[in-house]
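Here the UniProt record's numbering is used: the first residue of the sequence shown is 1, the next is one more, and so on. Beneath this line is the structure, given in structure tokens, with notes to follow.
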Amino acid sequence: MAQYDAILLSSFGGPEGQDEVIPFLRNVTAGRGIPDERLEEVATHYRHFNGVSPINAQNRALKAALEAELAARGIDMPVYWGNRNTAPFFADTVREAHAAGDRRLLGLVTSAYTSYSGVEQYREDFERALETTGLGDEVAIDRIREFFDHPGFVTPFVEGVGAAMEQLKAEGIPSDAVHVLFATHSIPNTAAEASGPEFGPGGAYVAQHLAVAARVQEQAAPGVAWSLVYQSRSGDPQTPWLEPDINDAIDELAVAGSVKAVVIVPFGFVSDHMEVLWDLDNEAVATAQGHGMAAVRVPTPGVHPAFVSGLIDLVVERLNDLPDAERPHETTLGPWPDHARVGAPESTLDNPGGVA
């Protein structure tokens, strides 16, 4: 059995006040040379919500839910929480864990799919945190596999799409007048290809999303038209990013004339953070309503019991070092493989009484 002392809940971070918005955006765009004037244009989304992103509160709620699930299963593991772009930063969290005697950390990243920002950048974050703290020879960070097709992640979306279809039916809109839009974060085409060119156009990133969308649709709304769409693109407009944008897709459906309602499924995200609240609930819903279409946005997993239980199943999977044949997955792409360790090799670690 593998030994781990604690879980490191790892996320993007977000501002919690007006004075934190620009520093947060500077961290997000570090190295790109973007002036504050341009950042202030992006900041309007956060200013609309008094400078507060909901993501930190959502991670506090997820941390508490994970702790409760661990306790219910009799697993004695603390849960630490660290962010990429706002406090608590990873370096501070690593120091906290080390001070408590926890050396083997199991990273639980709130990113379900394979991409540079969801995988390699977190690895770089972990490496930087260990370097900054000088604890690279004393602390090790492993990472739970991408969970895009784990039942705990898929189930909330199946339930959400099913409920949305029932709602529209009750409103008198037949299923053949509904189009389901599976929405995820757009990334540059080159980044998508780099995620795994062997998986075809768009790499592993696109392949994973298509596989999950098909699985959700198969279970929740068989026979209903659907498509994969993207949102929240940023950066140089001359750089090709994954398309279509969700708003463009809605415009095209309106031109066709047969669609009376859209179901928006934010299946690229684990919680209702800013890009869901603004880009979908504000912009995409407004686009649909502007065409006279009904729009229903499906909830993200958040602290859905199946999601929380599924995340702890992934922890137990690593504790028990389960073979692939015993690792749950909903598509033929899974289970996704584990990642290489960051930090101290097993031979140099003390055993501070970690879980076995």
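Ideal Cβ placement from N, Cα and C applies to all residues, glycine included.
At the level of alpha carbons, what is the spacing between residue i and residue j?
i           : j    : result
V276        : I264 : 10 Å
residue 365 : A344 : In the structure as shown, the chain begins at 1 and stops at 356. Residue 365 is therefore absent and cannot be evaluated.
H339        : V109 : 12 Å
G172        : T287 : 21 Å
S11         : A256 : 40 Å
V355        : R318 : Bear in mind that the predicted position of V355 carries a pLDDT of just 41, short of 50, making it unreliable; the figure below should be weighed with that in mind. One C-alpha to the other measures close to 11 Å.
A97         : V216 : 38 Å
A170        : E283 : 25 Å
R143        : L322 : 15 Å
G14         : M274 : 9 Å
P352        : A99  : Here the model assigns P352 a pLDDT of 45, short of 50, so the residue's position is not dependable and the matter cannot be decided.
W336        : R38  : 38 Å
L25         : Y4   : 34 Å
P88         : Y80  : 10 Å
A294        : A261 : 4 Å
Can you have a look at residue i and say buried or exposed, based on whether 16 or more other CB atoms are within 10 angstroms of its CB?
i    : result
T239 : exposed
D176 : exposed
P156 : buried
P197 : exposed
E330 : buried
T348 : exposed
G223 : exposed
H150 : buried
On a Cα-Cα basis, can you pick out the residue from the options that is closest to residue i?
i    : options                : result
A191 : Q121, A249, D245       : Q121
Q18  : A43, S11, M165         : A43
S53  : A325, I22, Q208, G268  : I22
A6   : M77, L39, R60          : M77
Y113 : D236, I250, A211       : A211
V229 : W241, G235, P237       : W241
E40  : I55, E20, A214         : E20
E138 : A164, F126, R104, E166 : R104
D236 : L8, R128, E16, T29     : T29
L8   : A65, V94, A2           : V94
Q289 : E67, D125, A68, I250   : I250
Q58  : E159, A295, V303, G33  : V303
L311 : A204, G152, E218, R297 : G152
R32  : A220, A207, S234       : S234
Taking the CB atoms as reference points, tell me whether residue i and residue j lie closer together than 8 Å.
i    : j    : result
D272 : S232 : no
T184 : F307 : no
L130 : V342 : yes
I161 : V180 : Before going further, note that residue 161 is Val rather than Ile in the sequence given. Taking 8 Å as the Cβ cut-off, V161 and V180 qualify as a contacting pair.
V298 : A164 : yes
Subject >> Sequence ranges, beta strand (DSSP E) only - wholly within the region 231–293, length at least 3 >> reply: 261–265
Subject >> Every unbroken alpha helix (DSSP H) within the region 163–245, with a cutoff of 4 residues, ordered by chain >> reply: If only complete runs of 4 or more residues are kept, the region 163–245 shows the alpha helix (DSSP H) at 189–194, 203–220, in order along the chain.
Subject >> Every unbroken alpha helix (DSSP H) within the region 119–149, with a cutoff of 4 residues, ordered by chain >> reply: Taking only runs of at least 4 residues, the alpha helix (DSSP H) segments lying wholly in the region 119–149 are 121–133.
**OP:** Note down, one range per segment and in chain order, each alpha helix (DSSP H) of at least 4 residues found wholly within the region 301–342.
**Re:** 305–319
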